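To keep things clear, I will list the structure first and then write my remarks on it.
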Amino acid sequence: DDIHTFDYVIDALIEVCEHDYIQAEQCTVLVHYKGKCAVKSGNFEVLKPKCTKLLQLGLSAEII
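Each number in my numbering comes from the position in the sequence shown (counting from 1) with 24 added on.
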């Protein structure tokens with residue numbers, strides 16, 4: 025988006041989703057060009073706080 029830098033999103037994915045740098049970078053590029061990317065899978069109890077944290081950081085996130 026026009027608000028968050030690639031580095032900001034990469035750092036958020038590393039912190040919140042426990043991605044390594046390459047994985048976070050790939051997800052960031054996918055989101056940039058396709059508008060979305062599945063960044064984490066798992067059960068709701070694990071995903072809910074991660075989704076909440078991404079939203080608090082100003083990023084779009086949803087559990088589907």
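Where a beta carbon is used, it is the ideal one built from N, C-alpha and C, also for glycine.
Please read all numbers here as calculations on a predicted model, not as lab measurements.
If you ignore the 5 residues before and after Leu-78, its C-beta comes within less than 6 Å of the C-beta of Val-40, Ala-85, all in its own chain and listed in chain order.
Assignment of Lys-58 by DSSP, reduced to helix, strand and coil, places it in the helix class.
When rounded, the separation of the alpha-carbon atoms in Val-63 and Asp-35 is 13 Å. Annotation for Thr-76: the continuous alpha helix (DSSP H) segment containing it runs 68 to 80. Under the DSSP assignment, Ala-85 falls outside any alpha helix (DSSP H); it carries neither an H nor an E label.
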